[in-house]
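Q: Protein sequence lines correspond, in order, to chains A and B.
Under our numbering, the residues of the first sequence are numbered 606 to 1054, in order.
Under our numbering, the residues of the second sequence are numbered 606 to 1054, in order.
Have a look at this one before I ask anything.
2 protein chains.
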Amino acid sequence: MNPRTSILLTDLYQLTMLQAYFDRGMEDTAVFEFFVRKMPENRNFFMAAGLEQVLDYLEDLRLTDEELAWLAGCGRFHKGFVDSLAGMRFTGDVQAMPEGTIFFPDEPILRVVAPLQEAQLVETRIINLLQFQTMVASKAARVRLAAPGKLLVDFGLRRAHGAEAGLLSARASYIAGFDGSSNVLAGMQWDVPLYGTMAHSFIQAHDNEIQAFEDFARSHPAASTMLIDTYDTEAAARKLIPLARKLAQDGIAINAVRLDSGDLAGHAQRVRRILDEGGLAAVKIFASGNLDEYRVRDIVSAGAPIDGFGVGTRMNTSADKPYLDCAYKLQEYGGAARRKRSEGKATWPGRKQVFRSLDAAGRLAGDVLTLEGDTRPGAPLLQPVMQGGRRLAEPLTLQAVRVHAQAQLAQLPEPLRSPVQAPAFAAAVSDALKALAAEVDSRTGMAVA
Amino acid sequence: MNPRTSILLTDLYQLTMLQAYFDRGMEDTAVFEFFVRKMPENRNFFMAAGLEQVLDYLEDLRLTDEELAWLAGCGRFHKGFVDSLAGMRFTGDVQAMPEGTIFFPDEPILRVVAPLQEAQLVETRIINLLQFQTMVASKAARVRLAAPGKLLVDFGLRRAHGAEAGLLSARASYIAGFDGSSNVLAGMQWDVPLYGTMAHSFIQAHDNEIQAFEDFARSHPAASTMLIDTYDTEAAARKLIPLARKLAQDGIAINAVRLDSGDLAGHAQRVRRILDEGGLAAVKIFASGNLDEYRVRDIVSAGAPIDGFGVGTRMNTSADKPYLDCAYKLQEYGGAARRKRSEGKATWPGRKQVFRSLDAAGRLAGDVLTLEGDTRPGAPLLQPVMQGGRRLAEPLTLQAVRVHAQAQLAQLPEPLRSPVQAPAFAAAVSDALKALAAEVDSRTGMAVA
């Protein structure tokens, strides 16, 4: 159900650069790495996500006849080059951190080693896939940490930025520890557990609110959550008491109520009391509406009797920081390490690895960013996932990825679990890497002189 | 190339509500309208976009056999209901503001009139499509207003939220007045003019920066923009002088340079002088990197000699406000007007129309929000676009939509053209509409009592 994305969903410059590489016969091996440069304000960690979609894209990489014809006719490319694209496939190797892994600035989460043209062409879509899911997983993990033990459901499809954002944010938030999503396609595609209630329009389409509740419960005897804020929240809660008795005679139970406006904590207190006094202690309270990790934390700390939260727009647009300062950069070409030195955007050269140490309690103690082959204590985080353009293993189930992500979150030291900024946890840069950077600078210093 | 989106890319509750409507035989005509509730901080207007994708979606609405089989087996729906979905098509009518139209809070930009189940099912995707493109067009229009006469290019694909966001933001920003995009697929699909330069990796893959420039120019003799900030911006500009003379002998011209880091205005001043003194007055300066309407305005006001801007992430994620507070709400069912009264989220009932008056200078003078049929002075903004599930006219070309959008921007009074908040321009609510709201309140007041 994931429609194949056109290879032409890329920046024009990838193709113009490819023609220049082609003309010049530049076809040596290139090494690119994807990393995030900076930690956004109020953030303490990132969670890697999006790898499986990148691997799908690389395995399927080819230009269709229609795309090739368009390129040939667009007036920018010569025939020899366009013909060369017809047989192009991705034949490279990929190393990556598993999805769900916690990481920090400057730590690569993906490395592509491939002939220059292949490794260059895929830049745009790789960034597009990794930055979005990583951003959403990182944000959703914060909501998870803010609401231990609460049911969390992704409600963000409608204000996600398009179809793919809606689908992939259901995936990324589930990886990060959400319990499920309202997004039916995510359920069909990945067995993400589905949750849903009813819309205000359902209540409004009925002439009578209580009739709407009864109709819904009878159509869904096994699971019904009643939206009670269309007119008057507490009045609606009171009306549920006799309805529940009536439905119970037919073996139908009301599962939960949903609050979607106003002071959620205050309404929850009053509604809980009404339900308890009416013998509906088993009916849970679910809340939604402009929620994010900050609001959820406040509601949870206030002790509001809310059992679960629908968290949408602000989570899956990462509303307080809707992008990551990330890059996919050339680190080596033709066997020589490379480095960008642009102001404020300098990068570490070469093929890198991250080693992670844990303390006695199993919490993160320190990361070292060094060169591949410079083995350090701890576990290496980048692992081979693709060789010669083919996956080395079947994709994990999303459920397995989620288990890994939860284990990763459990390794976070207490300060990093906060929704506000903690002292930064950053990888130590090894002497070997610093020495290589200095060597590249001195070489390119000569080259640009 | 726009892959059909699954109808199951929707919220679960649409389907659970549909089953309840089905069980109860609720199949009267429903009227839903899409509108934005509030103007975000620092914004003064919205620009409507996304209608054509909504109409594509409605015309193609059907469930595949695979989707129906999944629904039948998922354990939530009974056979009679799932069978009823097999033949479901969208058979309703749609009225809408043309894409590119300026609008304000509470003004509907789309109305769906259809049997209840059809009108309900399409809610999620309609919001998903309209909110995103409207958000991007509204943001991009602000960049256009901040940079009169400058070349503006969408560079946002890589950090757009997924594939569809990247593609549709190229479309929406072009509607709003951008000159083009780096997104090749947008060029193939809609003839959006394409622009591109080169990446830092192109420079780094060469052992020598000046050789990289020469290679690129020779591969693209008709159009080349040199990225000059990889190592030292001004040094690179100086190196272009002799290269340009050498290339000129072969009839090859360098079009432009691109600055992508550091103090863009300062670099532009120095680079302009270097190029001018070197006889390259015709070479233009193009800037990119973390730009939005605020930074572009500052650079333009400072008189920096920059001819064009690549504006990406912050524009197409609408980074300072990455979502609109929008809704698709039931306004009428079975001939009776409906209204939601939830705290802070009350809506105007009934089928509405917006009449717009212009002043003598052709600028916006006032909008009136009233009921359909209550004709007021000025032009009605909502127009019929679909009847019985079929478009009433072929889609406009994107170029034609862009012309309409520019005419709309020309109607904005000066204060609304500012990137910071102006006194709000809001539609006046007619007495007829207020009376209907009061009538609905009194009726539903009884119903919920």
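Note that CB positions come from ideal geometry on N, CA and C, so glycine has one too.
Small disclaimer: the values here were computed from a predicted structure and weren't measured.
Apart from the five residues on each side of it in sequence, which residues of its chain come closer than 6 angstroms, Cβ to Cβ, to ASN921(B)?
A: What you label residue 921(B) is simply residue 316 of the second sequence in a count that begins at 1. Excluding residues within five positions, the ones whose Cβ falls inside 6 angstroms are VAL741, GLY761, ALA765 and SER774.
Q: THR835(A): beta carbon under 8 angstroms from a heavy atom of the ligand NAD?
A: This structure simply doesn't include the ligand NAD, nor any ligand for that matter.
Q: Measuring straight from C-alpha to C-alpha, what distance separates ARG902(B) and ALA752(B)?
A: Start at 1 with the first residue of the second sequence, and residue 902(B) comes out as number 297. Start at 1 with the first residue of the second sequence, and residue 752(B) comes out as number 147. One C-alpha to the other measures close to 6 angstroms.
Q: Would you mind reading off the limits of the alpha helix (DSSP H) that contains GLY678(B)?
A: The sequence position of residue 678(B) within the second sequence is 73, counting from 1. Start and end: 670 to 678.
Q: Buried or exposed for LYS851(A), going by 16 or more other Cβ atoms inside 10 Å?
A: Along the first sequence, read from residue 1 onward, the residue named residue 851(A) stands at position 246. So LYS851(A) ends up on the exposed side.
Q: Is the distance from the Cβ of THR952(B) to the Cβ of PHE651(B) below 9 angstroms?
A: Within the second sequence, numbered from 1, the residue matching residue 952(B) stands at position 347. Within the second sequence, numbered from 1, the residue matching residue 651(B) stands at position 46. No; because the gap between Cβ atoms is not below 9 angstroms, this pair is not in contact.
Q: Among the candidates GLU664(B), ARG944(B), ASP881(B) and GLU723(B), whose CA atom is the shortest distance from the CA of HIS805(A)?
A: Reading the first sequence from its first residue, position 200 is the one you call residue 805(A). Closest by alpha carbon: ARG944(B).
Q: So what does TYR938(A) bridge to, in DSSP terms?
A: In the first sequence, the residue the question calls residue 938(A) occupies position 333. Note: TYR938(A) sits in a beta bridge opposite ALA635(A) and ALA941(A).
Q: Pull up the DSSP beta-bridge partners for ALA933(A), would you.
A: Here residue 933(A) corresponds to residue number 328 of the first sequence, with the count starting at 1. Looking at the sequence itself, residue 933(A) is Tyr, so the reference to Ala does not match. Answer by DSSP bridge pairing, in chain order: PHE639(A).
Q: Hey, is MET606(A)'s beta-carbon within less than 9 angstroms of any beta-carbon in chain B?
A: Here residue 606(A) refers to the residue found at position 1 of the first sequence. Caution applies to MET606(A), whose pLDDT of 36 falls short of 50 and renders its modelled position unreliable; the value that the coordinates give is listed next. Yes - at least one Cβ of chain B is within 9 angstroms of the one on MET606(A).
Q: Could you check where the beta strand (DSSP E) with VAL905(B) kicks off and where it finishes?
A: The residue given as residue 905(B) occupies position 300 in the second sequence. That residue, VAL905(B), is in no beta strand (DSSP E); its alpha helix (DSSP H) goes 898 to 906.
Q: Between the stretch 768 to 783 of chain A and chain B, which residues of the former have CB atoms less than 9 angstroms from a CB of the latter, in chain order?
A: Against chain B - using a Cβ distance shorter than 9 angstroms - the residues of the stretch 768 to 783 of chain A are ALA768, GLU769, ALA770, GLY771, LEU772, LEU773 and SER774.
Q: Would you tell me roughly how many angstroms separate the C-alpha atoms of GLU948(B) and ASP881(A), rounded to the nearest one?
A: Walking along the second sequence from the start, residue 948(B) turns up at place 343. Walking along the first sequence from the start, residue 881(A) turns up at place 276. Taking the straight line joining both Cα atoms gives about 24 angstroms.
Q: List the residues of chain A that GLY801(B) touches, going by C-beta distances under 7 angstroms, in chain order.
A: By one-based count along the second sequence, residue 801(B) stands at place 196. Correct list: ASP616, LEU617, TYR618 and THR621.
Q: So ILE732(B) contacts chain A; which residues on that side make the cut at Cβ distance below 9 angstroms?
A: Along the second sequence, read from residue 1 onward, the residue named residue 732(B) stands at position 127. Under the 9 angstroms cutoff, chain A gives LEU762, ARG763 and ARG764.
Q: Check whether the Cβ of PRO710(A) lies closer than 9 angstroms to any Cβ atom in chain B.
A: As a first step, residue 710(A) is located in the first sequence; it is residue number 105 there, counting from the start. Not one chain B Cβ lies under 9 angstroms of PRO710(A).
Q: With 7 angstroms as the limit, tell me which residues of the stretch 918 to 930 of chain B have their beta carbon closer than that to any beta carbon of chain A; keep them in chain order.
A: Answer in chain order: THR918, THR922, ALA924, PRO927 and TYR928.
Q: In its own chain, which residues sit with a C-beta less than 6 angstroms from the C-beta of PRO826(A), not counting the 5 before and 5 after it?
A: Numbered from 1 along the first sequence, position 221 holds the residue referred to as residue 826(A). Same-chain partners within the cutoff: ILE857.
Q: Helix, strand or coil: which one does DSSP assign to ARG716(A)?
A: For the purposes of this step, residue 716(A) is identified with residue 111 of the first sequence, where counting begins at 1. It is a strand residue.
Q: Out of LEU832(B), LEU656(B) and ASP628(B), point me to the one whose CA is closest to SER824(A)'s CA.
A: Along the first sequence, one-based indexing puts residue 824(A) at 219. Nearest option by C-alpha distance: ASP628(B).
Q: Cα separation between ASP633(B) and SER923(A)?
A: Reading the second sequence from its first residue, position 28 is the one you call residue 633(B). Reading the first sequence from its first residue, position 318 is the one you call residue 923(A). Computed Cα separation, rounded: 39 angstroms.
Q: Quick check on the DSSP output: the beta strand (DSSP E) that includes ARG961(A) runs from which residue to which?
A: Reading the first sequence from its first residue, position 356 is the one you call residue 961(A). Here the beta strand (DSSP E) through ARG961(A) covers 957 to 963.
Q: By how many angstroms is the C-alpha of TYR779(B) removed from the C-alpha of VAL789(B)?
A: In the second sequence, residue 789(B) corresponds to position 184, counting from 1. In the second sequence, residue 779(B) corresponds to position 174, counting from 1. Cα to Cα, VAL789(B) sits roughly 13 angstroms from TYR779(B).
Q: Identify the residues that DSSP records as bridge partners of THR975(B): which are they?
A: Position 370 of the second sequence holds residue 975(B). Answer by DSSP bridge pairing, in chain order: GLN958(B).
Q: Assuming contact is defined by CB atoms lying nearer than 9 angstroms, are ALA842(A) and ALA870(A) in contact in what I supplied?
A: Counting from 1 along the first sequence, the entry for residue 842(A) is found at position 237. Counting from 1 along the first sequence, the entry for residue 870(A) is found at position 265. Taking 9 angstroms as the Cβ cut-off, ALA842(A) and ALA870(A) do not qualify as a contacting pair.
Q: Between ASP812(B) and chain A, is any beta-carbon pair separated by less than 9 angstroms?
A: The residue labelled residue 812(B) in the question sits at position 207 within the second sequence. Closer than 9 angstroms: yes.
Q: When the cut-off is 9 angstroms and only beta carbons count, does THR729(B) lie next to chain A?
A: Working through the second sequence from its first residue, we reach residue 729(B) at position 124. Yes, THR729(B) lies at the interface with chain A (some Cβ there is under 9 angstroms from its Cβ).
Q: Which word fits ALA1042(A), buried or exposed, when buried means at least 16 other C-beta atoms lie within 10 angstroms of its C-beta?
A: On the first sequence, residue 1042(A) is found 437 positions in, with the first residue counted as 1. Classification for ALA1042(A): buried.
Q: Apart from the five residues just before and just after TYR933(A), which ones in its own chain have a Cβ nearer than 6 angstroms to its Cβ?
A: The residue labelled residue 933(A) in the question sits at position 328 within the first sequence. Once the five neighbours on either side are set aside, the close Cβ partners of TYR933(A) are PHE637, PHE639, GLU728, ILE731 and ILE732.
Q: What whole-angstrom Cβ distance do TYR938(B) and GLY801(A) have, given they're in contact under 8 angstroms?
A: Position 333 of the second sequence, counted from the start, is the residue given in the question as residue 938(B). Position 196 of the first sequence, counted from the start, is the residue given in the question as residue 801(A). Their Cβ separation, rounded to whole angstroms, is 21 angstroms, which puts TYR938(B) and GLY801(A) out of contact at 8 angstroms.
Q: Taking C-beta pairs closer than 7 angstroms, name the residues in chain A that ASP824(B) reaches, listed in chain order.
A: In the second sequence, counting from the first residue as 1, residue 824(B) sits at position 219. The amino acid at residue 824(B) is misidentified as Asp; the sequence shows Ser. Result: GLN624, ALA625 and ASP628.
Q: Do GLU839(A) and ARG863(A) have their C-beta atoms within less than 9 angstroms of each other?
A: Position 234 of the first sequence, counted from the first residue, corresponds to residue 839(A). Position 258 of the first sequence, counted from the first residue, corresponds to residue 863(A). It is not a contact, given that the beta carbons lie outside the stated cut-off.
Q: Which residues, taken in chain order from the stretch 677 to 692 of chain A, show a beta carbon closer than 8 angstroms to some beta carbon of chain B?
A: Hits within the stretch, in order: CYS679 and ARG681.
Q: Give me the chain A residues within the contact set of SER743(B), using Cβ-Cβ distance strictly less than 8 angstroms, ordered along the chain.
A: For this step, residue 743(B) is matched to residue 138 along the second sequence. Per Cβ cutoff of 8 angstroms: no residues; SER743(B) is ~14 angstroms from chain A at best.
Q: Which of helix, strand or coil does DSSP assign to LYS926(B)?
A: The residue labelled residue 926(B) in the question sits at position 321 within the second sequence. Coil, per DSSP.
Q: Would ASP796(B) and VAL1034(B) qualify as a contact pair, given that the criterion is a beta-carbon distance under 9 angstroms?
A: Position 191 of the second sequence, counted from the first residue, corresponds to residue 796(B). Position 429 of the second sequence, counted from the first residue, corresponds to residue 1034(B). No, Cβ-Cβ distance for ASP796(B) and VAL1034(B) is not below 9 angstroms.
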